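Novice:
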Amino acid sequence: SAAAGVIPIIGALAGTLATAAGALFALPGAVAVAASALGALAITFGGIGAALKASGKSMGGAGGAGASAGKQIASAQRGVESAQRALAGAQRTYTQALAAERAVQNAVNEARGEALERIEDLSRSLRRARLDEQRATDDLRKAQEDLNFALESGDPESIREAQLAYDDAALSLEEAKDATEDLAKERAESDKKGVDGSDEVVAALERQRQATEAVRDAQDSLAGAQSNLAAAQEALAAAAAGGGGGGGGVV
788 SAAAGVIPII GALAGTLATA AGALFALPGA VAVAASALGA LAITFGGIGA
838 ALKASGKSMG GAGGAGASAG KQIASAQRGV ESAQRALAGA QRTYTQALAA
888 ERAVQNAVNE ARGEALERIE DLSRSLRRAR LDEQRATDDL RKAQEDLNFA
938 LESGDPESIR EAQLAYDDAA LSLEEAKDAT EDLAKERAES DKKGVDGSDE
988 VVAALERQRQ ATEAVRDAQD SLAGAQSNLA AAQEALAAAA AGGGGGGGGV
1038 V
């Protein structure tokens, strides 16, 4: 450094000063020599002061550069930590999205099972309604025979009872026919839709579509978070390398 280079000069000048002082007392004509030596010493010390001042400025500048590099490294480190937190959040979101997708798939399977069972129940209900309609038809026919017999007897009470039975059987047959017709229409619509076209399965499939889309979005976010972390790590490495290079200027 500049200070280290000045030390030998000071030693040499000190020796010169001592020699001149000795000559001052030993020889009357040596006063001029001593004065000349002292003048040289003053000039030299003036140069040393300037050199030390320049060295101080150089060291101060290097310190400022080091502080700036340290700030850049700290900022890059914070960027890495932020990217790590974002990546952890993206990983949690992706895991949750996968779990939700699996749950929805199970719901789709359950909805298909329920739809199939409902179709089978509908088929049985339709068969039962047709049997009820046949029985109601037989009951009406029998009620008609009983009413005819009562009319032939001429007994007012028998006629009244037979008429009531006939009216009741006719109404039962009407209701049975309506039930059969309604179930037949429902069965035809169900057969047209099929299992996957049923309302419950369609709703479950829509939830599955949304869950799958959420998984894709989570995958994209995870990939972006990984890329951001890699970029932040590269920025930290660059800042550290730049800080190391800047520090080399200080002796």
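Using our numbering, the first residue of the sequence shown is number 788, and each one after it goes up by one. Glycine is no exception: its CB is placed at the ideal position from the N, C-alpha and C atoms. Because the structure is a prediction, the values reported are computed rather than measured.
#1: Could you tell me if Ala-975 is buried or exposed, where buried requires 16 or more neighbouring beta carbons within 10 angstroms of its beta carbon?
#2: How about the stretch 988-1008 and the stretch 910-920: do they share at least three Cβ pairs that are nearer than 8 Å?
#3: Let's see if you can read the secondary structure: which residues bound the alpha helix (DSSP H) around Asp-955?
#4: Run the CB neighbour count on Leu-938, radius 10 Å, all protein chains shown included, and call it buried at 16 or more, exposed below.
#5: Since Leu-1023 and Gln-892 should fall inside the 8 Å C-beta cutoff, what is the C-beta to C-beta distance between them, to a whole number of angstroms?
#6: How would you call Ile-830, buried or exposed, if buried means at least 16 neighbouring beta carbons within 10 angstroms?
#7: Taking the straight line between their C-alpha atoms, what separation do you get for Ala-923 and Ser-940?
#8: To the nearest angstrom, how far is it from the Cα of Gln-878 to the Cα of Glu-888?
#9: According to DSSP, is Gly-984 part of a helix, a strand, or is it coil?
#10: Going by C-alpha to C-alpha distance, which of Ala-875, Lys-858, Ala-856 sits closest to Ala-1010?
#11: Please name the residue in Glu-948, Gly-1029, Asn-1015, Asp-986 whose C-alpha comes closest to that of Ile-895.
#12: Decide if the stretch 984-998 is in contact with the stretch 898-908; the criterion is three or more beta carbon pairs, one per stretch, under 8 Å apart.
#13: Beta-carbon within less than 6 Å of Glu-1021's beta-carbon, same chain only, minus the 5 sequence neighbours each way: which residues are those?
#14: In whole angstroms, what is the alpha-carbon distance linking Phe-936 and Gln-921?
#15: Leaving out five residues before and five after Ala-955 in sequence, what residues of the same chain have Cβ atoms less than 8 Å from its Cβ?
#16: Taking the alpha carbon of Arg-928 as the point to measure from, which residue in Glu-968, Gln-859, Tyr-953 has its own alpha carbon closest?
Specialist: By the coordinates alone:
#1: When all chains shown are included, Ala-975 counts as exposed.
#2: At 8 Å Cβ cutoff, the stretches do not touch.
#3: For Asp-955, the enclosing alpha helix (DSSP H) begins and ends at 943-980.
#4: Residue environment analysis places Leu-938 among the exposed positions, since fewer than 16 neighbouring C-beta atoms fall within 10 angstroms of its C-beta.
#5: Leu-1023 to Gln-892, Cβ: 42 Å. No contact.
#6: Residue placement at Ile-830 is poorly supported in this model, since its pLDDT is 36, which falls under 50; the coordinates still yield a value, given next. Around the beta carbon of Ile-830, a 10 Å sphere encloses fewer than 16 other beta carbons of the protein chains shown; the residue is thus reported as exposed.
#7: One C-alpha to the other measures close to 25 Å.
#8: Each residue's alpha carbon lies about 15 Å from the other.
#9: Looking at Gly-984 - three-state DSSP - the assignment turns out to be coil, as it is neither helix nor strand.
#10: From the listed residues Ala-875, Lys-858, Ala-856, the smallest Cα separation to Ala-1010 is found for Ala-875.
#11: Looking at the sequence shown, residue 895 is not Ile but Val. Comparing Cα-Cα distances from Val-895 to each of Glu-948, Gly-1029, Asn-1015, Asp-986, the minimum goes to Asp-986.
#12: Three or more Cβ pairs closer than 8 Å define a contact, and the stretch 984-998 meets that threshold against the stretch 898-908.
#13: Nothing meets the Cβ criterion.
#14: Inter-residue distance for Phe-936 and Gln-921 is about 23 Å (C-alpha atoms, whole angstroms).
#15: Note that residue 955 corresponds to Asp in the displayed sequence, not to Ala. Closer than 8 Å at Cβ, skipping near neighbours: Ala-930.
#16: Minimum Cα distance to Arg-928 is reached at Tyr-953.
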